[in-house]
Amino acid sequence: MLFSHWKQEHSSLQRELDAFRDWTSNVAEQQTPEFIESASRLRQIRDRLVDHFVREDQIGRELRSHYPKGSVEVEASYRQACQDHEELLSELDDLAGRLDQVEPPFESWPDAVHEVTLFIDRFEEHEESEAEHILWLAPREDTAV
1 MLFSHWKQEH
11 SSLQRELDAF
21 RDWTSNVAEQ
31 QTPEFIESAS
41 RLRQIRDRLV
51 DHFVREDQIG
61 RELRSHYPKG
71 SVEVEASYRQ
81 ACQDHEELLS
91 ELDDLAGRLD
101 QVEPPFESWP
111 DAVHEVTLFI
121 DRFEEHEESE
131 AEHILWLAPR
141 EDTAV
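Quick note: the sequence shown, position 78, residue 78 per full-length UniProt numbering, numbers continuous.
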């Protein structure tokens, strides 16, 4: 049940990231940089990520409960997820902070969009890896949709 909710939440979050990516493309076509608006939108996404990472932490703890004697794989996956979450949030905070500056430290709007795209790609890689670990480690009945 928790895994199913996570998958739905992940899909919703992915749609939000895709919408943000589309918005940055539209802004690029208009050739009017929107640094401050980008920072604001990224902070909204950050709030969603925090909630999502809390849910992933719950899944990690639930997985650990299925292995009362411990599991090296579950523990390693859990530690890696926690580290990734901290790094992703820190990276997002830094990016939003730089976008929000009076004079953003980017060579151009396309450079800023490129950095945002790199962040989104890193987040997507994290989610794919985490989903693979969850599917592999979770008892079968927990991963059914």
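Heads up, the beta-carbon is just placed ideally off N, CA and C, and yes, glycines get one too.
Own chain residues within Cβ distance below 7 angstroms of residue i, not counting five before or after
{"i": "glutamate 130", "result": "Glu56 and Ala81"}
Short Cβ contact (9 angstroms threshold) for residue i with residue j
{"i": "isoleucine 36", "j": "leucine 92", "result": "no"}
{"i": "arginine 46", "j": "glutamate 16", "result": "no"}
{"i": "arginine 43", "j": "alanine 96", "result": "yes"}
{"i": "valine 113", "j": "serine 40", "result": "no"}
{"i": "glutamine 14", "j": "glutamate 125", "result": "no"}
{"i": "leucine 89", "j": "valine 116", "result": "no"}
Chain-order list of residues whose beta-carbon lies under 6 angstroms from that of residue i (same chain, five-residue window excluded)
{"i": "serine 77", "result": "His133"}
{"i": "alanine 144", "result": "In this prediction, alanine 144 scores a pLDDT of 48, lower than 50, which makes its location untrustworthy; the coordinate-derived value is nonetheless stated afterwards. Cβ neighbours of alanine 144 beyond the five flanking positions: none."}
{"i": "tryptophan 109", "result": "Pro33"}
{"i": "phenylalanine 106", "result": "Ala112"}
Beta-carbon proximity list for residue i, same chain, < 8 angstroms, skipping 5 on both sides
{"i": "histidine 10", "result": "His52, Glu127 and Ala131"}
{"i": "glutamine 30", "result": "none"}
Option nearest residue i by Cα separation, candidates the options
{"i": "alanine 28", "options": "Asp111, Leu137 and Leu135", "result": "Asp111"}
{"i": "glutamate 87", "options": "Glu34, Asp22 and Arg122", "result": "Arg122"}
{"i": "leucine 137", "options": "Phe3, Leu63 and Trp6", "result": "Leu63"}
{"i": "valine 54", "options": "His114, Val113, Phe3 and Glu124", "result": "Phe3"}
{"i": "residue 166", "options": "Val116, Ile120 and Gly60", "result": "For residue 166 there is no data in the structure shown, the boundaries of the chain being 1 and 145."}
For this session: Scan the UniProt domain "Hemerythrin-like" (3-134) and note each continuous alpha helix (DSSP H) run of 4 residues or more that stays entirely inside, going in chain order.
Result: Qualifying alpha helix (DSSP H) stretches, in chain order: 35-65 and 72-99.
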